[in-house]
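Chemist: In the numbering used here, the protein residues as written are 71 to 201.
Virtual Cβ for every residue (Gly too), placed ideally from N, Cα, C.
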Amino acid sequence: MTSDREAIGDLIADYALALDTDDIEGCVGLFTEDSEYLVFGKTLVGPERVRKMFTRAPRGMHLTGVSRVRIDGDSATATTQVLFVDAASHSMRPALYDDDLVKVDGRWRFRRRRCQFLTPDGLSDSPQDQQ
71 MTSDREAIGD LIADYALALD TDDIEGCVGL FTEDSEYLVF GKTLVGPERV
121 RKMFTRAPRG MHLTGVSRVR IDGDSATATT QVLFVDAASH SMRPALYDDD
171 LVKVDGRWRF RRRRCQFLTP DGLSDSPQDQ Q
């Protein structure tokens, strides 16, 4: 039997691997119906908006690092390091994911995901702030 902590680790890994293998539907399926995704200074609400963003996003690899997970019953929070490597330019974008997670029908899902990019001035909602 998988522990909640292991299942959350799998959720975070499944997200990165789905995006990196162009499995947009698999990735969207990791979010709740009322999910929010905060990235690039925008808040995307619901699976359809998230799907559109993933479809238009540059292709690359999401290298996830350490995660700090806090579980409280059927809800949890996670903060995860990620390094995105763009497939075309090989440029790198270091970032942090801050997640609010919920267990729905026995499976962990993203309720809210915020991506903040590491820039010379600290964390930012936009990678364009990188110098």
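Starting from the Cα of leucine 166, find the closest Cα among Gly116, Leu153, Arg182, Leu81 and give me that residue.
Modeler: Here the closest residue by C-alpha is Leu153.
Chemist: In terms of alpha-carbon separation, which member of Ala146, Lys122, Thr150, Ala127 lies closest to glycine 135?
Modeler: Nearest of Ala146, Lys122, Thr150, Ala127 to glycine 135, Cα basis: Thr150.
Chemist: Let me know the secondary structure DSSP gives alanine 165 once reduced to three states.
Modeler: DSSP places alanine 165 in strand when its eight states are reduced to three.
Chemist: Alpha carbon to alpha carbon, what distance is there between alanine 88 and proline 197?
Modeler: Roughly 22 Å separates the two Cα atoms.
Chemist: Does the pairing of the region 123-134 with the region 75-91 give three or more beta-carbon distances under 8 Å?
Modeler: Yes, since at least three Cβ pairs between the region 123-134 and the region 75-91 fall closer than 8 Å, the two stretches touch.
Chemist: Just list the beta strand (DSSP E) runs in the region 89-128, keeping only unbroken ones of 3 residues or longer that don't cross its boundaries, in chain order.
Modeler: Runs found: 101-109, 112-115.
Chemist: Only counting the same chain, and skipping five residues up and downstream in sequence, which positions put a Cβ closer than 6 Å to that of leucine 108?
Modeler: These residues qualify, in order along the chain: Arg184.
Chemist: Less than 8 Å between C-beta atoms, sequence neighbours within five positions excluded: which residues of the same chain meet that for aspartate 92?
Modeler: If we look at aspartate 92 and ignore the five residues flanking it on each side, its Cβ neighbours are Arg129.
Chemist: With a CB to CB cut of under 8 Å and the five nearest residues on each side skipped, what residues in its chain are close to serine 105?
Modeler: For serine 105, where only same-chain residues beyond five positions count, the Cβ hits under 8 Å are Val115, Gly116, Pro117, Val120, Arg179, Phe180, Arg181, Arg182, Arg183.
Chemist: From glutamate 103 to aspartate 84, what does the alpha carbon distance come to, in whole angstroms?
Modeler: Cα to Cα, the separation comes out at about 18 Å.
Chemist: If I'm right that alanine 148 touches valine 139 with Cβ under 8 Å, what's the distance once you round it to whole angstroms?
Modeler: That belief holds up - the Cβ atoms of alanine 148 and valine 139 are roughly 5 Å apart, short of 8 Å.
Chemist: DSSP three-state label for glycine 79, please.
Modeler: It is helical.
Chemist: Assuming aspartate 191 and valine 172 are in contact, meaning their beta carbons sit under 8 Å apart, how far apart are those beta carbons, in whole angstroms?
Modeler: Contact flag wrong, Cβ pair sits at about 33 Å.
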